[in-house]
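Scroll down for the structure; my scribbles are underneath it.
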Amino acid sequence: MTFEERHFWLRRLHSLSGIVPIGGYLAFHLYENYTATRGGEAYNRMVRNLQETPFAIFLEIGIIIVPLLFHGVYGLFVTGTARPNVTSNRYVRNWMYFLQRATGVILFAFVIFHLWTTRLVNIRDHESVDLFRLMQESLQSRWIYAFYIVGILSATFHLANGIWSFSIVWGLTVGPRAQRRMIWVSAAVFLILSFIGIRSIQAFRA
Ligand code: HEM
């Protein structure tokens with residue numbers, strides 16, 4: 011396989027992994043966290059049920075960690091070799107191109123912080139952690155709360171804009187009319203997921 015061919019397939023895999031499984035997991039993760047709006051007991055019960063899913067650790071590694079690691083590291087490589095052109099704000103697409111990369115870099119840092127402070131806590135006996143309380147306490151900090159808002163909005167924007175570019179890469183939207191219509195789908199995904207994510211994080215501060 012030549013260098014160009016390998017790059018082509020890695021690019022395709024990177025594109026696909028952004029939707030399946032990472033994008034799908036992101037939507038599910040924001041949805042499950044919405045349980046926080048029903049209080050600590052309901053939230054911890056939901057977490058407990060997930061932890062008791064058969065093969066949970068293998069699913070976590072296979073569906074979340076490995077794809078995210080590949081997408082994130084290859085994404086940083088793509089970003090490092092990109093040629094952004096944001097000199098004129100008339101070109102909305104150039105801005106979207108830039109923001110896709112900027113939110114990717116923010117997400118890389120945010121996901122490491124998020125995993126470190128929630129999933130790797132008390133790793134030997136993680137099931138005994140009161141995650142609702144842990145989140146409540148850490149979100150008392152104005153900085154951490156602000157970082158969560160930025161992290162959630164970066165994730166929802168990155169996925170929504172990614173759906174738009176994914177549809178072009180995979181030939182689902184051919185031509186300007188189909189691509190214009192797809193903007194509405196992306197905008198709806200952004201608004202709905204952002205609402206769910208922000209409402210959930212606010213629930214820990216209520
Ligand atoms: C919540 C986690 C993430 C989700 C749901 C996600 C989702 C997506 C989606 C759906 C795409 C569109 C694929 C396409 O254009 O065909 C994409 C593209 C991209 N992602 Fe992510 N991503 C995530 C994290 C990251 C991270 C951590 C980085 C690291 C920098 C990153 C960097 C990129 C880049 C550079 C692109 C553009 C690729 C291109 O235009 O060729 N992403 N992502």
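Per my numbering, numbering of the sequence shown is gapless, rising by one per residue and ending at 216.
Heads up, the beta-carbon is just placed ideally off N, CA and C, and yes, glycines get one too.
Treat the numbers as computed from the prediction; the structure is a model and nothing was measured.
Taking 7 Å as the cut-off, one finds at least one heavy atom of the ligand HEM near enough to the beta carbon of Q110. When the five nearest sequence neighbours on each side are left out, the beta carbons in the same chain lying within less than 6 Å of the beta carbon of Y84 are those of H24, in order along the chain.
Secondary structure at R58: helix, using DSSP grouped into helix, strand and coil.
Taking a contact as a CB-CB distance under 8 Å, the pair F118 and L86 counts as one, their CB atoms being some 6 Å apart.
For H168, the CB contacts under 7 Å within the same chain, skipping 5 residues up- and downstream, are Q110, T113, G114 and L117 in chain order. At least one heavy atom of the ligand HEM is found less than 7 Å from the C-beta of A165. Taking C-beta separations shorter than 6 Å and ignoring five residues to either side along the sequence, the partners of F142 in its chain run G50, Y53 and N54, following chain order. With a contact defined as Cβ atoms closer than 8 Å, M106 and N171 qualify at about 6 Å.
Taking Y155 as the centre and dropping the five residues before and after it, the same chain places the C-beta of L149 closer than 6 Å to its C-beta, in chain order. About 14 Å separates the CB atoms of H81 and I122; that is not less than 8 Å, and the two are not in contact. One alpha carbon belongs to V199, the other to A213, and they sit about 21 Å apart. By the criterion of a C-beta distance shorter than 8 Å, L69 is surrounded in its chain by T63, once the five residues flanking it on both sides are discounted. Here DSSP, grouped into helix, strand and coil, assigns A197 to helix. Burial state of I133 is exposed, judged by a 10 Å Cβ sphere holding fewer than 16 other Cβ atoms. For W126, the closest C-alpha among the options I75, F176, V88 and I173 is that of I75. When DSSP states are grouped into helix, strand and coil, F108 belongs to the helix group. M145 counts as buried, since at least 16 other C-beta atoms from the protein chains shown sit within 10 angstroms of its C-beta.
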